[in-house]
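Numbering (the numbering used here) for the first sequence: 2 to 463.
The beta carbon of each residue, even a glycine, is placed where N, CA and C say it ideally should be.
Model, not experiment: these values are computed from the prediction.
Below is one structure, written out as structure tokens; the observations come after it.
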Amino acid sequence: MTDGPRVRIAPSPTGFFHVGTGRTALFNWLYARQQGGTFVLRIEDTDTARNRPEHVDGILRAMQWLGLDWDEGPYFQSERTALYADAIERLLASGAAYACDCTPDAVSERARQRGDKTPGYDGFCRDRGLEPLAGRLVRFRTPDTGQSSFDDVIRGTVTVDNAKIEDFGVRKSNGDPLFLLANVVDDAEMAITHVIRGEDHVSNTSKYLLLWEALGYGPRPVFAHLPLLLNEARKKLSKRRDKVAVEDYRDEGYLPEALRNYLALLGWSPGDDREILTLDELVAEFRLEDVKSAGAIFDERKLQSVNSEYLRAFTVDDLVDRAQAWLLTRWQPLAALVQERVRTLAEVYSMTDFLYLPQLVVDAEEWARGVRKHPAFAAVLAAASKRYTEIDEWKAAVIHDATVAAGEEAGVAQLGKAQAPVRLAVTGRSVGPPLWESLEALGRDRTLARLAEAQRRLESGG
RNA sequence: GGCCCCAUCGUCUAGUGGCCUAGGACACUACCCUCUCAAGGUAGAGACACGGGUUCGAAUCCCGUUGGGGCUGCCA
């Protein structure tokens, strides 16, 4: 173990790896590398209901793609439950925590009756002396008086009246630890010295510190809350509304070094006019205390320009290599299926061009015969769009089932007839590799976009 | 609503009391270059939210207002 600072990135596997998490990871990584510290990767998977193993793979893939190598981990909170159980027992034993059997409905109902001046938990079970049995939530007893404050490297001193902090949960009624508890225990156990995270955690920090003190963990870590990444509407980048998955940017042809460079410039600047900086320069010049405190809009156009600067700076040979590798990732999933059907290498192109073309060129005759001819085909496209939207996992077998169901819904019993209009609408051709795998490779978003486009064309009489 | 955080061109930012007539980049406009498109070059438009203080002097410090955001979950 080195003497330098210990920092961590603690993503939760409940969705794709978010660019905001990527930026936080990058800043932690830069700080660790610059200070000769240790960068820890910890997977916060305490929410067993929402965890998805494939998202863990996605996190590791995205981190590696971005070049953010970690020195320790990945640690999994799901494998450290004894630690949290022990901490909760200690809180219970000292009276710092207590059991609560209020339902969420009861809590909000009481808040409503009070006039809802201070929503949140009202301390109803504080002194009822309930046994912490299974089925009961365990809450931390927050002080009624005094203030909690901490010094933030980026924001200065933040102070909150303890009375404003409600008794928050530390253990679910099913026995699983809650975020605040597991987070604090692990930071202490892992000897994290600097907590560098998003601004959305500022208000969690006073709770964090209260727990930290109650558990007797000694000197606190240093805090640095990074400004949030915002969308054009100046709202926190959200999974639902915005394109936030790091891997989406990879798939669209952004270079990891360009994304990294751009992300580094969101909230930080080298202090002069340079905007293209090598990793070594970032490591050398990054200053945590110089990070701005105001939120930053993630502007894809600017990212594009940074990306194109990198692209142009390549040697031609490098560009060929990088482009070749990217091109390959798109059609490689279909390689074996394509192989069985081609007579020349040129046909590899015609069988996979739909994966690359921004705009399909559909032969008028094919369109007339394959889509426009049967009234039911329009219904097939509509039904397929709907069912594809509802699919949980975008996999060939599932797409197959959804297409069969869409065909039946549209009154087309034969699978062949159901897939024909979809194939033409989505790939622009009536022949090609098996459709399900093709759609899987294309991706759901682009598949849906092409179905919508085909439907518009039909409606406008095309 | 409550608590917390924030505030320089449309966007990312430089600026840490005089160097600011506020600089750069993206995007935008015009022109040049040019077989097209990019790239490149030149020029242009474009910001210190507002009001009070402090100071010889304020984008920079203080207070207030306004505006924006975050949190307010048996999610993280």
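query                                                                                                                                                      : result
Does the structure place the stretch 329 to 348 close enough to the stretch 441 to 449 that three or more beta carbon pairs sit under 8 Å?                 : yes
Would you give the residue range spanned by the alpha helix (DSSP H) that PRO105 belongs to?                                                               : 105 to 115
State the DSSP-derived secondary structure class of THR345, mapped to helix, strand or coil.                                                               : coil
How many angstroms separate the CA atom of ARG53 from the CA atom of GLY16?                                                                                : 8 Å
What do you reckon, are the CB atoms on LEU231 and GLY199 nearer than 7 Å?                                                                                 : no
Report yes if the C-beta distance between SER79 and ASP58 is below 7 Å; otherwise report no.                                                               : no
Using 10 angstroms around the beta-carbon of GLY136, count the other beta-carbons present and answer buried if the total reaches 16, otherwise exposed.    : exposed
Please classify ALA166: does DSSP put it in a helix, a strand, or coil?                                                                                    : Reading off the sequence, residue 166 comes out as Ile, not Ala. DSSP places ILE166 in coil when its eight states are reduced to three.
Check for me: the alpha helix (DSSP H) holding TYR76 runs from which residue to which?                                                                     : That residue, TYR76, is in no alpha helix (DSSP H); its beta strand (DSSP E) goes 73 to 77.
Please determine, among ARG430, ILE400, TRP395, the residue with the shortest C-alpha to C-alpha distance to LEU416.                                       : ILE400
Out of curiosity, what's the CA-to-CA distance linking SER207 and GLN325?                                                                                  : 50 Å
So the alpha helix (DSSP H) GLN305 belongs to, where does it begin and stop?                                                                               : 301 to 314
Looking at C-beta atoms only, is the number of pairs between the stretch 403 to 417 and the stretch 374 to 394 that lie closer than 8 Å three or more?     : yes
Quick check on GLN244: does DSSP put it in helix, strand or coil?                                                                                          : Before going further, note that residue 244 is Lys rather than Gln in the sequence given. Coil at LYS244, not helix or strand.
Going along the chain, which residues of its own chain have a beta-carbon closer than 8 Å to the beta-carbon of VAL245, five neighbours each way excluded? : PHE17, HIS19, VAL20, GLY21, LEU238, SER239
Consult DSSP for TYR255 and reduce its assignment to one of helix, strand or coil.                                                                         : coil
Which runs of the alpha helix (DSSP H) fall wholly inside the stretch 365 to 417 and span at least 4 residues, in chain order?                             : 365 to 368, 376 to 391, 397 to 410
Is the stretch 3 to 12 touching the stretch 28 to 36 in the sense that three or more CB pairs, one from each, lie closer than 8 Å?                         : yes
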